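Protein sequences, first through last, are from chains P and U.
Counting from 959, one number per residue, gives the positions in the first sequence under the working numbering.
Counting from 815, one number per residue, gives the positions in the second sequence under the working numbering.
Cβ coordinates follow ideal geometry from the N, Cα and C atoms, glycine included.
Just so you know, these numbers come straight off a predicted model, no measurement behind them.
Right, one structure below, let's go through it.
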Amino acid sequence: MIKIAKKIVFILFGCHLMVYSHLLRAELTIEITEGVQSAHTIAVVPFASPMGEQLKEDVAQVIGNDLARSGYFKVLDKAQMLTRPSQPAQVKFRNWEALGQDYLVIGRVSKDNNLYHVQMSLFDVYKKEQLKGLRVTVEASALRMAAHYLSDAIYAKLTGIPGIFTSRIAYVTSELNGQHKTKYNLYVADYDGANAISIAQSKEPIMSPAWSPHADKIAYVSFENKVSEIFVQTLATGERKSIAKYKGINGAPAWSPDGKQLALTLSKGGNSDIYILTLANKSLRQLTKSLAIDTEAAWSPDGKKILFTSDRGRRPQLYIMASNGQGVAERITFDGDYNARGSFSADGKSIVMVQGVQGNYRIAVQNLASRTTTVLSNGPNDESPSFAPNGQVIIYARRKGNNDILATVTLDGASKQDIRHRGGMVREPAWAPRK
Amino acid sequence: MKLKTVIVAFFITTLLSGCSLFNKDSLSEEDNAAQNVMNSLNDSSGVDSNTYNADGLQVTELGVDNQISEGIDALMQSPEFSDPNSPLSTRTIYFEYDSSQVKNEFVPILEAHANYLMANPNQRITLEGHSDERGTREYNIALGEQRAKSVFKILQLIGVMTSQIDIVSYGEEKPAASGHTDESFALNRRVEIVYK
């Protein structure tokens, strides 16, 4: 595996999304810090546009960036392209073979009143055959999403795994606002950080965003009333409800897979324990009753188990117990002296966590069947890992110099990228589930 | 009143020299133990917090009312709270890594705050628990709360009414020092006593 020497830097600009009440734009820069010379090379030829019109989004560029970021592809620099076909009949496979390309993507955009038709063809260069053809019709404002949709289709065709390029993330930022004042924002953005929109702002900390299973609501912790309080906010309307404001800690919300319940950390009983709140009737059930810290609950995809952090064995470790409270909690982490903030992959086969070894905190994945753990990140202060919906990539927060930034790492640890938000510290990324 | 001070001092010394009261694995038992000691303390001294407060109620309330009318900023600027030689000028208690045990050196400071609060029963405080940035955010919220509760228990044992004290934990969300060195971490592992 050869690291890509050349760093690819590009800037993504926010654009309009009408569904949100608070429109604040943000810009993020994505930088590939560690990549692999992958087995698959792919060329994405700039798409032909109607009468040479300068489109709002460079569709081929967006697709190329998506594929490069997946860690599975090395994308050809367009400056090296000898020809730029936009229709299947124009493709001369030997040109692309000569450039060492395994796959080729071409396409064109045509306009019909206010609608754009984006047509894409995917080829296997060596077999000299077309693998897929697809047309997507959108308004101008959704050209970028159309490109992500095509990336999903290409990725799925070539890897057999669903893509993540149309998915979204949430994260929290803090920035100094004057000498001693800090401003906190909760953002929702495309998976690549584009179209970032602040959905909540406060002078007091905002924490622990958690997506509902249908990705239409976010639960989070806010200190806006000088105490911790958990809110559920509906993204489409901006409507917000306070769902927990008990004495002491109200933290770590986690949605059950059916969206009917939230696991929470409350300390109203004297110390941090995990409770299950049923949203419809507001009933509260205490799940853990230890004298230690129990927090950071996460549900298994079938809803039957709860993974959580506890220091009942003196140091924080991960435990699993039945979500109905029966039986005893089983400790599942034994590597390192600190394992916390675990969550399941969508297939339930593995968990991702923060693992601390002598003060070095890194992201690690445990295969639940084999109980083997693999460390994926470099530390020293990595936190808040969250699986992509397809389980192939993990987003997390890390410290780089004096900045807190977001980063992604592929499940094999081979490809790493930083996502830098302009202005302020970024943390607590949460990858939205597939709708 | 002197008798009570002596007994409390003895009790705190016993606490800190003997078993670790704030061992998190046995908090509840020690809660009970602490409560029993408190009860026997009250019985034997014949001075429980209510009668103590009743003793000095008139004078004390007037003083607090004046201070409240002048605002909390004025109180914090008064010599009692701002003179570096006054123990009340210290309102931050620091902790070791992943520990919520109050260190001996901070006990006299907590005694001074407790005495002030007992003399001014209308005065309220918030204990803000904080952690350094290492480890996960929600775990650090829980750790910050344990630290605030450790301070709470000492103030309560000395005789401060629980109704005078609120607790909030900010975990690692509001660092006092922005650096990423051991020195900064040490400054961030703290409980702030905020008069309000």
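Looking only at its own chain, which residues have a Cβ that is under 6 Å from the Cβ of V1130(P), when we skip the five neighbours before and after it? L1144, I1164, R1385 and E1386
As a quick exercise: from Q1316(P), Y1277(P) and V1286(P), pick the residue whose alpha carbon is nearest that of D1295(P). Q1316(P)
Using a Cβ-Cβ distance cut-off of 8 Å, determine whether R1299(P) contacts chain U. yes
How would you list, in chain order, the residues of chain U whose beta-carbon sits under 9 Å from the beta-carbon of E1386(P)? R951
Inter-residue Cα distance where the pair is V965(U) and E1341(P): 29 Å
Stretch pair the segment 1190-1197 of chain P + the segment 1223-1231 of chain P: three plus CB contacts closer than 8 Å: no
Determine, using beta carbons only, whether K917(U) comes closer than 8 Å to chain P. no
Contacting positions in the segment 1330-1348 of chain P - beta carbon closer than 8 Å to chain U: N1339, E1341 and S1342
Hey, does A991(U) have any beta-carbon neighbour from chain P nearer than 8 Å? no
Roughly how many whole angstroms lie between the Cα atoms of A1047(P) and A1037(P)? 22 Å
Run of the beta strand (DSSP E) containing T1325(P), from where it starts to where it stops: The sequence shown places Asn at residue 1325(P), not Thr. Looking at the DSSP string, the run of the beta strand (DSSP E) that includes N1325(P) is N1318 to N1325.
For a minimum of 3 consecutive residues, which ranges assigned as the beta strand (DSSP E) are wholly contained in the segment 1225-1297 of chain P? 1231-1236, 1241-1244, 1252-1257, 1263-1268 and 1275-1280
Is the segment 1341-1352 of chain P close to the segment 1319-1329 of chain P, with three or more CB pairs under 8 Å? yes
Short check: CB of R1243(P) to CB of T1267(P), under 8 Å? no
In this structure, does DSSP put S859(U) in helix, strand or coil? With a pLDDT of 33 at S859(U), under the threshold of 50, the modelled position of this residue cannot be trusted; read the value that follows with caution. If DSSP states are grouped into helix, strand and coil, S859(U) belongs with the helices.
Any beta-carbon of chain P closer than 8 Å to the one on N850(U)? The predicted model places N850(U) with a pLDDT of 41, which falls under 50 and marks its position as unreliable; any figure quoted below should be read in that light. Chain P contact via Cβ: absent.
Whether S1214(P) touches G1261(P) by CB criterion (8 Å): yes
Among D1060(P), T999(P), E1015(P) and R1066(P), which one has its Cα closest to the Cα of M1009(P)? R1066(P)
Quick one: give me the first and last residue of the beta strand (DSSP E) that I1112(P) is part of. First-last for I1112(P): L1101 to T1117, but that is the alpha helix (DSSP H), not the beta strand (DSSP E).
The segment 925-932 of chain U in contact with the segment 1273-1291 of chain P per 3-pair CB rule at 8 Å: no
Own chain partners of G1055(P) with C-beta closer than 8 Å, once the 5 adjacent residues on each side are dropped: According to the sequence provided, residue 1055(P) is Glu. The question's Gly does not apply to it. Contacts found: V1083 and Y1084.
Listed by chain order, chain P residues near K988(U) by CB distance under 7 Å: P1163
Thinking just about the alpha-carbon of each residue, which of K1032(P), R1027(P) and A1001(P) is nearest to the one in A1018(P)? A1001(P)
Bridge partners for K1184(P) per DSSP, in chain order? DSSP lists no partner for K1184(P).
Tell me G985(U)'s beta-bridge partners as DSSP assigns them. H944(U)
Among all the DSSP beta bridges, which residues are the ones paired with I1207(P)? Per DSSP, none; premise fails for I1207(P).
Indicate whether the contact test is met: 3 or more Cβ pairs, each with one atom in the segment 942-951 of chain U and one in the segment 997-1004 of chain U, closer than 8 Å. yes
Best match in P1391(P), A1390(P), R1356(P) and D1370(P) for proximity to H1379(P) [C-alpha to C-alpha]: R1356(P)
Grab the span of the beta strand (DSSP E) containing Q1088(P) for me, first residue to last. E1087 to E1097
Look at L1222(P) and L1237(P) and say whether their C-beta atoms are less than 8 Å apart. no
Please identify the residue among T1330(P), M1078(P), P1338(P) and K1307(P) whose C-alpha is closest to the C-alpha of F1345(P). K1307(P)
Could you tell me which of H1106(P), L1101(P), Q1045(P) and S1200(P) sits nearest to Q1088(P), measuring between CA atoms? Q1045(P)
Can you tell me which of G1022(P), I1122(P), A1147(P) and W1257(P) puts its alpha carbon nearest to the alpha carbon of M1078(P)? G1022(P)
Taking a Cβ distance cut-off of 7 Å, strictly less, list which residues of the segment 1230-1247 of chain P are near chain U, in chain order. S1230
What residues match up with A1006(P) in a beta bridge as DSSP calls it? R1066(P)
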